[in-house]
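Visitor:
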Amino acid sequence: MTHPITPQDRLEALDIVRGFALAGVFLINVQSMISWEGLEGTVNGAAAWFLDAFIVGKFYRLFAFMFGVGFALQMFRLESRGAPFVSLYLRRLAVLFGIGLVHGLLLWPDDVLALYAQLGLLLLLIRNVSNRTLIAIGIVCLFAAPTYYYLATDFADFRGVTDYSWNGGRGQSAEIAEQEMHRVRSQGSYRELVATTSSYFLGWQTDLWTRLQNLREEFLMLLLGLYFGRRRLFERVTDNMPFIRQAFVATLAVGVVAFPIISWLTEWSALAVNGHLAVTARQATIVVQSAAFSLFYGIAFLLALERLQVHRRLRLIGSIGQMTLTNYLLLSVLVTIVFNDFGLGLYGCTTVLEGIALAVVAYLLLATWSSWWLRRYRFGPAEWAWRSLTYGSMQPMKR
0 MTHPITPQDR
10 LEALDIVRGF
20 ALAGVFLINV
30 QSMISWEGLE
40 GTVNGAAAWF
50 LDAFIVGKFY
60 RLFAFMFGVG
70 FALQMFRLES
80 RGAPFVSLYL
90 RRLAVLFGIG
100 LVHGLLLWPD
110 DVLALYAQLG
120 LLLLLIRNVS
130 NRTLIAIGIV
140 CLFAAPTYYY
150 LATDFADFRG
160 VTDYSWNGGR
170 GQSAEIAEQE
180 MHRVRSQGSY
190 RELVATTSSY
200 FLGWQTDLWT
210 RLQNLREEFL
220 MLLLGLYFGR
230 RRLFERVTDN
240 MPFIRQAFVA
250 TLAVGVVAFP
260 IISWLTEWSA
270 LAVNGHLAVT
280 ARQATIVVQS
290 AAFSLFYGIA
300 FLLALERLQV
310 HRRLRLIGSI
320 GQMTLTNYLL
330 LSVLVTIVFN
340 DFGLGLYGCT
350 TVLEGIALAV
360 VAYLLLATWS
370 SWWLRRYRFG
380 PAEWAWRSLT
390 YGSMQPMKR
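Counting from 0, one number per residue, gives the positions in the sequence shown under numbering that gives the first Met the number 0.
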């Protein structure tokens, strides 16, 4: 009863949307290493605006949404077989947290694997609540961080509430910590990078403001993923087509309408005597817009997959999506080698367009490699290790 699903039982649509989400993650992670100076009025400036408006903050949320969908599917499948879902999923989250911990300490301080493992515990606790309760929890998550910001800055007068804890919370300002990260990436050794990366990673793990942001951003998408998973959206695409089309229009409308609202709230926050209320509303609107665009992208792909010809052409994306964990880790390895001084040293030396080109090349290489690998093996290397540790036995690797 307790074994991973076979390759034949996988939902190809789920893997394709995961692969699409990973494409946005590639763009975001590579763009964090480029130069952002002198962009105004240039082609690179236009590309930067496009990334900020339609990519940044959207694809990691789509990533989280797919995690929530996967949670629901695994719950249904295991419980239908009479398997002990809770204990098995706790082991699964524990292994994922361990992988994320190593990844965050040694390679990428903005790791999401350990975060998803922690938020997965919350999802486990509320897995059986009603949809109305899910909505209520989502509203609380949406306004928790902005409310804290509003109360802290207006009443308690806490300073630096929006600063990131780059240095592990030892009192250093975010600006100084960012300068130190820039120095390490452009001039430091791998040992220095690990020290700085570990400090940042551990810092935001214990930072209250960051945790509240995680609730309104990542956990909100996990809740939406659980809701869509309950509707068996990826299992019964044809049956859910009326709902999918309605969601397609609604999410696009919310995302587009949010642009002028955010602009107006930005001006209000600058002009108002008490601008913190405007900031609170602006932050909530940005989160809603990002969530809407994230869902819109995923739903658009579902509609595209209904056309058989498009479905076949997107199988390469499905390959990289089936090995999401492996490719996410490999991306961090590639970015570390290509951009840091102890590697090729391209940190801060590439333009926005060059960064996009590098991300596309890396994505295509890993997608091609994933397709080749999956013709020979059942899982990606990291997925195989994850499953073997979760189920407590060595899983068959070769097809």
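Don't be surprised by glycine CBs; every beta carbon is placed ideally from N, CA and C.
I need the straight-line Cα distance from R375 to R80, nearest angstrom please.
Guide: Going by the C-alpha atoms only, they are around 28 Å apart.
Visitor: Just verifying my parser: in three-state terms, what is the DSSP assignment at Y346?
Guide: DSSP places Y346 in coil when its eight states are reduced to three.
Visitor: Determine the contact status of K57 and G23, defining contact as a CB-CB distance below 8 Å.
Guide: Yes.
Visitor: Rounded C-beta distance between L301 and V236? I'm assuming under 8 Å.
Guide: With a Cβ gap of about 6 Å, L301 and V236 count as contacting.
Visitor: State the Cα-Cα distance for the pair L214 and A144, rounded to the nearest angstrom.
Guide: Each residue's alpha carbon lies about 8 Å from the other.
Visitor: Here's a check: name, in chain order, each residue in its chain whose Cβ is nearer than 7 Å to the Cβ of G137, leaving out the five neighbours to either side.
Guide: Hits under 7 Å: L219, L222.
Visitor: Can you find the residues in the same chain that come closer than 8 Å, C-beta to C-beta, to R229, ignoring five residues on each side of it along the sequence?
Guide: Result list for R229: A71, N130, in chain order.
Visitor: Please state if the CB of F84 and the CB of L77 are separated by a distance shorter than 8 Å.
Guide: Yes.
Visitor: Please determine, among G347, R210, G119, the residue with the shortest C-alpha to C-alpha distance to G69.
Guide: Nearest C-alpha to G69: G119.
Visitor: Quick one, which of A280, F200, L357 has its alpha-carbon nearest G147's?
Guide: According to the sequence displayed, residue 147 carries Tyr and not Gly. The option with the nearest alpha carbon to Y147 is A280.
Visitor: Touch check for the stretch 87–104 and the stretch 291–300: three-plus C-beta pairs under 8 Å?
Guide: They do not touch, by the three-pair rule.
Visitor: Take the Cβ of M396 as the centre, count every other Cβ of all protein chains shown within 10 Å, and call the residue buried at 16 or more, exposed below.
Guide: Burial call: exposed.
Visitor: With DSSP as the reference, identify every bridge partner of K399, one or two as the case may be.
Guide: With the chain covering only 0 through 398, there is no way to say anything about residue 399.
Visitor: If you compare alpha carbons, which of L123, T265, I285, I33 is closest to I355?
Guide: When only C-alpha atoms are compared, the closest one is I33.
Visitor: Are the beta-carbon atoms of E217 and A366 separated by less than 8 Å?
Guide: It is not a contact, given that the beta carbons lie outside the stated cut-off.
Visitor: If you count every other CB in all the chains shown that lies within 10 Å of the CB of R182, and 16 or more means buried, which is it?
Guide: Exposed, since its Cβ has fewer than 16 Cβ neighbours within 10 Å.
Visitor: Under a three-way DSSP split, which group does R235 fall into?
Guide: Here R235 sits in coil by DSSP.
Visitor: Among the residues of its own chain, which have a CB less than 6 Å from the CB of E191, if the five just before and after it don't count?
Guide: Excluding positions up to five away in sequence, the list reads V183.
Visitor: Report the three-state DSSP secondary structure of A155 (helix, strand or coil).
Guide: The pLDDT assigned to A155 is 45, lower than 50, so where the model puts this residue is not dependable, and the model offers no usable value.
Visitor: Find the nearest neighbour of W371 within the set V351, L333, R314, judged by alpha-carbon distance.
Guide: Considering only alpha carbons, the answer is R314.
Visitor: Relative to the C-alpha of E36, which candidate in V351, S392, L345 has its C-alpha closest?
Guide: Considering only alpha carbons, the answer is V351.
Visitor: Per DSSP, what kind of secondary structure is D162 in: helix, strand or coil?
Guide: Its pLDDT being 40, under 50, D162 is placed unreliably by the model, and the measurement read from it follows with that caveat. Coil at D162, not helix or strand.
Visitor: Determine, using beta carbons only, whether L21 and G342 come nearer to each other than 8 Å.
Guide: Their beta carbons are not under 8 Å apart, which means L21 does not touch G342 by this criterion.
Visitor: Of all the options I298, V255, L304, which has the alpha carbon lying nearest to the alpha carbon of T284?
Guide: Of the listed residues, the one whose Cα sits closest to T284 is V255.
Visitor: Go through its chain and collect everything with a Cβ distance to T265's Cβ below 7 Å, but skip five positions before and after it.
Guide: R281, listed in sequence order.
Visitor: Residues in the same chain with beta-carbon distance under 7 Å from D14, minus the five sequence neighbours each way, listed in chain order, please.
Guide: Result list for D14: G317, G320, Q321, in chain order.
Visitor: Can you look up A144 in the DSSP assignment and give me helix, strand or coil?
Guide: Helix at A144.
Visitor: To the nearest angstrom, how far is it from the Cα of W385 to the Cα of M393?
Guide: Those two C-alpha atoms are separated by around 10 Å.
Visitor: So, helix, strand or coil for M0, using DSSP?
Guide: At M0 the pLDDT is 47, less than 50, meaning the model places this residue with poor confidence; the figure from the coordinates comes in the next sentence. Looking at M0 - three-state DSSP - the assignment turns out to be coil, as it is neither helix nor strand.
Visitor: When DSSP labels each residue in this structure, what does G119 get in the three-state scheme?
Guide: DSSP places G119 in helix when its eight states are reduced to three.
Visitor: Out of R398, Q204, V278, point me to the one whose CA is closest to A113's CA.
Guide: Per the Cα distances, Q204.
Visitor: When you compare only the Cα positions, how much space is there between M240 and E11?
Guide: When rounded, the distance between both Cα atoms is 17 Å.
Visitor: Indicate whether L105 and V193 have their beta-carbon atoms separated by less than 8 Å.
Guide: Yes; because the gap between Cβ atoms is below 8 Å, this pair is in contact.
Visitor: Can you give me the C-alpha to C-alpha distance between V253 and Q245, rounded to a whole angstrom?
Guide: If I take the Cα positions, the gap works out to 12 Å.
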